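Residue numbers (the UniProt record's numbering), protein chains in the order written: chain G, 1 to 434; chain W, 1 to 287; chain C, 1 to 281. Beta carbons: idealized from backbone N, C-alpha and C, even for Gly. Since the model is a prediction, treat every value here as computed from it, not as a measurement. Worksheet: the structure to be examined is printed underneath.
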Amino acid sequence: MKTGRAKLAVLMLGILILTSTAIAGPGLPPKPAKLTMAVVAGGETKGLKAILPTWEREMGVKVELVEFPYPTLYEKLVTAFQANASTFDLLIADDPWMPKFGSESWLVPLDSTFGYKRDNDIFPVVYDLGSWPPPRGPVPPGESSKARHLYAITLVGNVEFFMYRKDLVSAPNTWDDVVANAKKVNDSSKPFYGFVIRGAKGNPVISEFTPVLLSFGARIFDNNWRVILNSKAAIDALTFFTKTLKSYAPPGVANYDAAERAREIATGRAAQGFIWPAEITDIVENPSVSQVVGKLGYTLAPAGPGGKHAPLIGNWLLAIPKGSKNQRWAYEFILWATSAKMQKPYAMGGGIPFRKSVLLDAQMNKTFPFFKAMADSLAAPAEWRPRTSEWFAVEAILGTHVNAALAGVETPDEAITKAAREIEQHMKEAGYYR
Amino acid sequence: MRHWTPYLLVAPPVVVLASLVIYPLLYNVSLSLRNYRTGEFVGLHNFARALDDPQFFASLRATAVYVSGTLVIEVLLGLALALLVHRTIRSGWARTLVYLLFLIPMVTPPIAAGVIARLIYTPTYGVLNVLLERVGLIRTDILWLSEPLTAMFAVISVDVWQWMPFVFLVCFAGLQAVPIDTAEAARVDGADGWRLFRHIEYPYLRSLLLLVMVFRFTDTFRVFDHVQVLTGGGPGATTEFLSLYLYLIAFKFFNLSYAAALSLFVLFVTSVAFSVLSRYLGREVSE
Amino acid sequence: MRRRVSPWQVAAVAVLVVLTVLYLFPFYWMVVTALKPLVEFYRFPPTLLPVHATVEPFLSVLFARGYLVLLRNSLVACLTAVAAGMVVAMLIAYPVTRFPVPLAFRRGLMNWVLSLRFLPPIVVVIPFFDIVRKLGLYDSLLSLVLLYTVFSLPLTTWMLRGFLLEVPMEIEEAALVDGAGRFYAFFKILLPQLAPALLATGVITFALAWSEFMFAFILSATPRSQTFPIGVASLVTQFEIIWNEMAAVGTIAAVVPILLLLFARRYVLVALTFGAVREKA
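Structural data, given as structure tokens:
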């Protein structure tokens with residue numbers, strides 16, 4: 001009996017000694033070999049890649065990035081969650097995906113699990129994006145009874161705004177200004193185009209068209225998820241988009257994605273267009289590929305006939321899937337990567353920041369002339385895509401018809417009517433109403 | 001040797017294979033009869049929905065254009081080329097070169113073929129427009145992937161590029177079975193090229209052509225990889241073929257029930273095509 | 001006596017020359033694109049030759065992006081599937097060609113196996129995802145190996161059947177009469193004769209598995225199980241034009257099966273057309 005106890009004590013001591021070497025700080029579980037993180041392929045992760053070595057040096061935990069092209073990342077995450085695999089410890093998600101992830105309860109709540117505290121330096125819209133159920137606007141059926149939690153925090157403060165050649169035209173405030181600018185500089189013999197459209201089917205054309213649609217005062221859903229897209233405002237917006245704007249755009253824009261748009265601007269062939277921040281540091285302000293460095297101005301998305309600006313938000317959010325076996329360390333990483341301390345190195349390394357202090361910093365705005373436009377757009381506050389897990393289907397349906405209208409296959413009237421009908425059909429199928 | 005040895009050998013793989021076919025089938029049937037979110041039984045609703053789905057019919061139409069376009073072009077070109085080479089090129093090494101040339105596209109992964117096609121047709125970097133402008137055929141860029149007609153042409157061209165050689169190789173092989181004496185005799189009798197084909201060569205090719213057409217039909221009917229890379233279904237939904245639409249429903253909308261219903265339809269069409277083939281194969285195998 | 005060159009022969013040669021250009025130029029364009037540094041994509045018009053050729057895109061995808069791992073995954077998955085497929089196919093092809101089984105059985109079995117060739121992947125991918133999920137095989141190479149094995153069977157079985165029918169049974173029968181076991185007859189007598197045929201079948205199965213995209217796309221998630229075609233598709237990003245790297249992975253993806261094919265060309269031709277083409281290549 002006595003020797004038994006002594007043995008037990010030695011054993012416990014041994015365990016303590018063995019484990020204590022693996023414990024990094026108070027309350028933290030042993031270090032995992034690595035954290036696996038699903039990210040989107042492209043410039044959005046530039047800043048992340050810039051600060052990762054610092055994390056690995058400070059913490060001694062490797063972070064492995066698995067990159068997916070934008071169109072497949074969502075599918076990949078959903079299938080991984082459905083398989084309930086421990087494949088990923090961390091992920092970055094485009095904010096329109098939050099409703100799906102939130103309503104399926106696939107993510108670890110950051111507030112109730114780890115006690116996350118909100119930070120005044122971060123725009124309120126960021127917390128709205130990462131919360132489920134959504135704190136404003138219509139809530140999908142069956143979701144409003146759930147307790148609201150914060151599931152994700154922005155890493156990439158993406159928001160869509162407007163760029164123009166400040167050496168050729170003045171900053172547009174309304175769509176009328178945009179058209180006047182375009183008329184002034186458009187010259188198809190050179191060729192030089194007044195406006196370049198990112199018109200490829202699906203998500204690309206919807207990112208481009210949504211700020212136009214909303215600025216014209218149209219909406220896709222009412223507060224009960226009934227489809228109210230089929231309106232004069234929507235048809236006017238689509239007519240403006242596919243007729244007026246297109247007449248100043250390069251031919252072939254119906255197949256342009258962001259890459260082609262940035263190329264037209266960077267090679268000095270177009271004067272105006274929407275832009276997402278990642279394209280700026282990567283391409284249009286990148287001296288090794290761009291011929292227009294320093295010639296571009298950035299401003300809020302143009303206002304429609306009613307004076308409404310509708311910049312579109314598209315933040316990339318950091319979150320932890322429930323399948324992860326290293327949730328605590330994943331949370332440590334989120335805290336570290338989004339901290340005020342790391343925000344400047346992150347931005348200097350080419351990352352898209354999201355903290356007020358950095359976006360409004362005068363010094364930073366000299367290096368990154370678009371930070372002010374970003375801050376304005378985020379504070380507007382930027383419009384978000386409707387908070388429903390069916391958004392993907394809605395985007396695919398609308399994206400097909402808007403693209404068809406842009407390619408001249410359907411008239412604006414036809415495209416809106418068909419899209420509205422199909423969206424309603426889909427929402428019915430999804431159980432939003434009978 | 002016992003008489004049941006062959007059955008014992010065959011049994012394990014057959015049981016595994018059969019379960020890998022039967023389970024998916026039952027799974028799809030069960031899915032197709034339910035609502036994808038609630039799981040409640042909805043009868044034939046998902047099938048009825050297809051009848052009221054304009055996108056489904058649009059994808060069917062696009063698929064029909066694609067399948068008939070590739071089939072006609074590949075068979076005509078492949079057959080004509082086989083006849084031309086068979087009747088004129090006698091040298092062994094020249095034939096060897098033709099074989100090798102034509103085997104290359106067939107083993108190229110469709111994804112890589114899609115990448116190549118993108119590099120050729122893409123609006124800003126595409127080499128096709130550059131070449132056409134250089135030789136003076138066009139003045140302004142042709143927007144290959146943004147216009148419904150040219151986009152369809154582009155996706156069909158990739159398929160033809162990859163698989164016309166298959167038709168050629170099979171037809172050419174079939175022609176080697178034609179006795180040279182018979183062909184020579186017909187020629188001496190004054191038969192022209194067409195008659196030679198119709199009465200001497202065609203009988204040897206008939207069954208092979210059927211085989212080739214069933215293969216190409218079922219493969220083009222389920223085309224996916226290179227279209228995904230090249231047009232992604234656009235512009236609009238003009239190249240959104242059945243398999244792309246099905247993929248969209250299953251893995252973007254995650255409406256697995258409707259996807260299951262549509263996939264049973266795809267299976268039905270494929271089975272009909274196969275039954276044509278199997279009737280012919282029944283004779284061959286029994287030799 | 002020399003035959004005179006007929007106008008048809010001239011036409012045939014002309015057509016073949018045009019086709020050669022049509023078939024080789026796209027590859028040329030892909031390789032040239034893969035050798036251009038990124039800066040050259042922001043020039044109008046694109047140049048037919050790289051101005052400053054560089055192998056940087058190849059190094060960048062293989063090492064910086066870590067595609068070397070995907071290359072390894074593809075090789076492992078395809079080779080294993082080829083080996084496994086061959087064994088399973090032999091279990092079917094050997095009995096139906098070497099044993100006196102009823103005609104209806106042979107015909108029915110072979111027909112059924114062939115019917116699998118026509119099973120569209122999109123039809124079965126959802127149920128397969130369900131199976132893989134239940135077995136805990138999501139994001140593992142094993143699930144891809146299993147699927148590639150299954151989907152290679154129709155072609156492999158039919159090819160092996162064709163080759164087996166061509167090897168005369170007399171030699172084996174003589175050995176059997178001499179008292180040798182069936183195992184001996186199979187491994188020592190039949191297999192050596194089949195070796196070239198097996199090589200050809202292997203090359204084709206490999207090329208098919210190598211090209212496969214949809215299953216790998218849906219059933220893999222990380223470099224643990226991603227195959228090379230997934231890497232090819234991954235380079236199509238939202239905001240950047242990385243055509244040189246896209247072309248570099250496209251080149252690697254195409255070169256592997258093409259090299260194998262050139263290596264085994266003679267038998268591949270016979271096999272690819274179900275034994276219909278017998279010309280020596």
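>> I want to see whether chain W comes within less than 8 Å of P57 (chain C), judged by CB atoms only; does it?
In response: Output row for P57 (chain C): interface = no.
> Apart from the five residues just before and just after G399 (chain G), which ones in its own chain have a Cβ nearer than 7 Å to its Cβ?
Replying inline: Taken in chain order, the residues that qualify are K201, G202, N203, V205 and I206.
> With a Cβ-Cβ cutoff of 8 Å, do V228 (chain G) and D222 (chain G) count as a contact?
Replying inline: The sequence given here places Ile at residue 228 (chain G); Val does not occur at that position. Contact check for I228 (chain G) against D222 (chain G) passes: the beta carbons are separated by less than 8 Å.
> In chain order, what residues of the same chain lie with their CB nearer than 6 Å to the CB of L8 (chain W), ignoring the 5 residues before and after it?
Replying inline: Excluding positions up to five away in sequence, the list is empty.
> Looking at the C-beta of A237 (chain G), does it have a partner C-beta in chain C at a distance below 8 Å?
Replying inline: At a cut-off of 8 Å between C-beta atoms, A237 (chain G) does not count as an interface residue with respect to chain C.
> What do you reckon, are the CB atoms on V13 (chain C) and T205 (chain C) nearer than 8 Å?
Replying inline: Cβ atoms of V13 (chain C) and T205 (chain C): not closer than 8 Å.
>> Between the alpha carbons of L75 (chain C) and W210 (chain C), how many angstroms are there, rounded?
In response: Cα-Cα distance, rounded: 8 Å.
> Going by the CB atoms, is the gap between V125 (chain C) and F228 (chain C) shorter than 8 Å?
Replying inline: Not a contact, by the Cβ cut-off of 8 Å.
> Of all Cβ atoms in chain G, is any one closer than 8 Å to the Cβ of I218 (chain C)?
Replying inline: Closer than 8 Å to some Cβ of chain G, the Cβ of I218 (chain C) qualifies, so yes.
> Hey, would you say W384 (chain G) sits closer than 8 Å to D95 (chain G), going by beta carbons?
Replying inline: Cβ distance < 8 Å, so W384 (chain G) and D95 (chain G) count as in contact.
> What are the residues of the region 283-314 of chain G that lie near chain C, defined by any Cβ-Cβ distance shorter than 9 Å?
Replying inline: Within the region 283-314 of chain G, those residues whose Cβ lies closer than 9 Å to any Cβ of chain C are, in chain order, I283, S288, V289, S290 and Q291.
> Y298 (chain G) lies in the beta strand (DSSP E); which residues open and close that run?
Replying inline: Run containing Y298 (chain G): L296 to T299, per the beta strand (DSSP E) assignment.
>> With a threshold of 8 Å between beta-carbons, can A430 (chain G) be considered close to chain W, or not?
In response: A430 (chain G) counts as touching chain W.
> Quick one: what's got a C-beta closer than 8 Å to H149 (chain G)'s C-beta in the same chain, skipping five residues either side?
Replying inline: In its chain, beyond the 5 residues on either side, P109, L110, D111, S112, S131 and W132 have a beta carbon closer than 8 Å to the beta carbon of H149 (chain G).
> In chain order, what residues of the region 191-225 of chain W put their CB closer than 7 Å to some CB of chain C?
Replying inline: Cβ contacts with chain C come from L208, T218, R222, F224 and D225.
> Within 10 angstroms of its Cβ, does T87 (chain G) collect 16 or more other Cβ (buried), or is it exposed?
Replying inline: Buried.
> Touching or not, the region 277-289 of chain G and the region 328-348 of chain G, by the rule of three or more beta carbon pairs under 8 Å?
Replying inline: No: the two stretches stay apart, fewer than three of their Cβ pairs being nearer than 8 Å.
>> Looking at chain W, is there any beta carbon in it that lies within less than 8 Å of the beta carbon of A233 (chain C)?
In response: Answer yes: the Cβ-Cβ gap between A233 (chain C) and chain W drops below 8 Å somewhere.
>> Suppose you measure from the CA of S215 (chain G) to the CA of F114 (chain G); what does that come to, to the nearest Å?
In response: Whole-angstrom Cα-Cα distance: 40 Å.
>> Please return the same chain residues whose Cβ sits closer than 8 Å to the Cβ of A80 (chain W), not counting the five positions on each side in sequence.
In response: So no residue of the chain qualifies.
> Which residues does DSSP pair with Y346 (chain G) in a beta bridge?
Replying inline: Y346 (chain G) pairs with nothing; no bridge assigned.
> Out of curiosity, what's the CA-to-CA distance linking W194 (chain W) and A183 (chain W)?
Replying inline: C-alpha separation (whole angstroms): 12 Å.
>> For residue 440 (chain G), list the residues DSSP reports as bridge partners.
In response: Any question about residue 440 (chain G) goes unanswered here, given that chain G covers just 1 to 434.
> Residues of chain W with CB under 7 Å from T210 (chain G), in chain order?
Replying inline: Counting only Cβ-Cβ distances below 7 Å, T210 (chain G) has no contacts in chain W at all, with the closest Cβ about 18 Å away.
> What is the DSSP secondary structure of G273 (chain G), counted as helix, strand or coil?
Replying inline: Here G273 (chain G) sits in strand by DSSP.
> Q226 (chain C) touches chain W at which residues, Cβ-Cβ below 7 Å?
Replying inline: Within chain W, no residue has its beta carbon less than 7 Å from that of Q226 (chain C); the closest one is some 13 Å off.
>> Can you check which of these residues, C:P127, C:G136, C:P120 and C:A89, is closest to A83 (chain G) by C-alpha distance?
In response: When only C-alpha atoms are compared, the closest one is C:G136.
> Within 10 angstroms of its Cβ, does F41 (chain W) collect 16 or more other Cβ (buried), or is it exposed?
Replying inline: With fewer than 16 Cβ atoms within 10 Å of its Cβ, F41 (chain W) is classed as exposed.
> Can you check whether the CB of L238 (chain G) is closer than 8 Å to the CB of P386 (chain G)?
Replying inline: Contact flag unset, no.
>> Just verifying my parser: in three-state terms, what is the DSSP assignment at A264 (chain C)?
In response: A264 (chain C): coil per DSSP, three-state reduction.
> Going by beta carbon distance, what residues of the same chain come within less than 7 Å of V98 (chain W), once the five residues before and after it are set aside?
Replying inline: Answer for V98 (chain W): V85, listed in chain order.
>> Let me confirm a value: A221 (chain C) is counted as buried when at least 16 other C-beta atoms fall within 10 Å, else exposed. Which label applies?
In response: Looking at its Cβ environment, which holds 16 or more other Cβ atoms inside 10 Å, A221 (chain C) is buried.
> In chain W, which residues lie with their C-beta within 8 Å of the C-beta of A252 (chain G)?
Replying inline: One detail in the question is off: residue 252 (chain G) reads as Gly in this sequence, not Ala. Those within 8 Å of G252 (chain G) in chain W are P123, D141, L143, L145 and S146.
>> Residues of the region 246-266 of chain W in Cβ contact with chain G at a cutoff of 8 Å, in chain order, please.
In response: Within the region 246-266 of chain W, the residues whose Cβ lies closer than 8 Å to some Cβ of chain G are L248, F251, K252, F253, F254, N255 and Y258, listed in chain order.
> Can you list, in chain order, the residues of its chain whose CB lies under 8 Å from that of L360 (chain G), leaving out five sequence neighbours each side?
Replying inline: For L360 (chain G), same chain residues with a beta-carbon under 8 Å away, outside a window of 5 residues either side, are F371, K372 and A375 in chain order.
> What's the call for W4 (chain W), buried or exposed, on a 16-neighbour Cβ count within 10 Å?
Replying inline: With fewer than 16 other Cβ atoms within 10 Å, it is exposed.
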